[in-house]
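At position 245 of the sequence shown (counting the first as 1) the number is 491 in the working numbering, and the numbers step up by one without a gap.
Ideal Cβ placement from N, Cα and C applies to all residues, glycine included.
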Amino acid sequence: MTHEGAHCGVHEARDARFTCERCGTFGCIECRFGGEPPENAPPRLAICVACAKDGFAEPIPWERRKELGIRLAFIETTKLATREPTRFFRTPAIEKGPTGALFYGLGAYALGQITLLLSMGLLMAAGGAVAGIATEEPMVAGVLGAYGCAIAGFSPFFVAQGIAQTLLAVIIAAGASHATLVVMKRAKGKFESTLRAVGYSYAPYVWLALPACGGLIAYVWMLAIEFRAIRETHQCGSDAAALAVFGYRVLLLLLFIGLYVAIGVLMFLYMPGPRPGVSPFDPATTPVSGS
């Protein structure tokens, strides 16, 4: 339905400038969520303010990175996604497709990973220097220092591998969650919406840089955000969201446990025993050669 010649559904004296892609109502510039996009911005989805009332007052910062700058948009998006995930995912997307959210998730993981590797390398090298001074053994300082430099030097290659694995993990997670909702007939959005939700859920991975516990904190936090993301994106309720997010993960865990148990049982069953007619070795009765 075109808005040409129509009037705003709220401000009837004003000409309509867009048609809301959610509810189909006509709206003026004042009624458009996020306002009129700047000239250099990519095409945006036209959403009315009424459809965005449950989310933030402005669109997601990462979807306005052309205006805000990548650095500020990334920082603000990370804050909102980790602190207020429910309102975050109630905020309508104005960016077409899930590509932006995917790049954000990969960027969050890469930032946390490279910071972790660089800090590990620095701490290893510093530890080598301290150990060398304390023990007066230059070999200790040299080995630890070389190991730390190797970790820091090869960090770009480790991060590149991690990004590829993360991209695959995001796609698989989104596919499994969306398929679960489709089977349950609780999916109210397209696969692209699920992919966007999972991509933004990777915001906590910036905390990978925390020593020792950063990975665990990031993963648990990510699961909590992904649960809210699926629930709000599809409006499917907490039960369906929990099954979509945790169901396939628990199933995979049980499959791996079952596989290891099966391998152990097979190894036990097919373990070769003593040959027939040969008695087991008994040190008390078996003569020792040369005696």
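Legend entry - Residue from K312, T332, L362 and G374 whose Cα sits closest to the Cα of G346: K312
Inset, instruction - Buried or exposed for Y538, please, with buried defined as at least 16 other CB atoms from any protein chain shown within 10 angstroms of its CB. - result: Because the chain in this structure spans residues 247 to 537, residue 538 falls outside the shown range and cannot be described.
Legend entry - Sequence-distant residues of the same chain with beta carbon closer than 7 Å to I264, five excluded per side: One detail in the question is off: residue 264 reads as Phe in this sequence, not Ile. Excluding sequence neighbours, F264 sits near H249, G273, R278 and A292.
Inset, instruction - Alpha carbon to alpha carbon, how far is H253 from L352? Give it in angstroms, no decimals. - result: 42 Å
Inset, instruction - Check the DSSP bridge columns for D261 and list the partner residues they point to. - result: H253
Legend entry - Cβ neighbour criterion (16 or more within 10 Å) applied to Y506: exposed
Inset, instruction - Could you say if the region 423–433 and the region 328–336 meet the contact criterion of at least three C-beta pairs nearer than 8 Å? - result: no
Legend entry - Short Cβ contact (7 Å threshold) for K434 with Q481: yes
Legend entry - Spatially closest choice to L363 from G280, H424, R495 and W453, by CA coordinates: W453
Legend entry - Neighbourhood of A486 by C-beta distance below 7 Å, restricted to the same chain and skipping five residues each side: L427, M430 and R432
Legend entry - As assigned by DSSP and simplified to three states, the class of R290: strand
Inset, instruction - Alpha carbon to alpha carbon, how far is A415 from G356? Give it in angstroms, no decimals. - result: In the sequence under discussion, the amino acid at residue 356 is Ala, which differs from the Gly named in the question. Whole-angstrom Cα-Cα distance: 14 Å.
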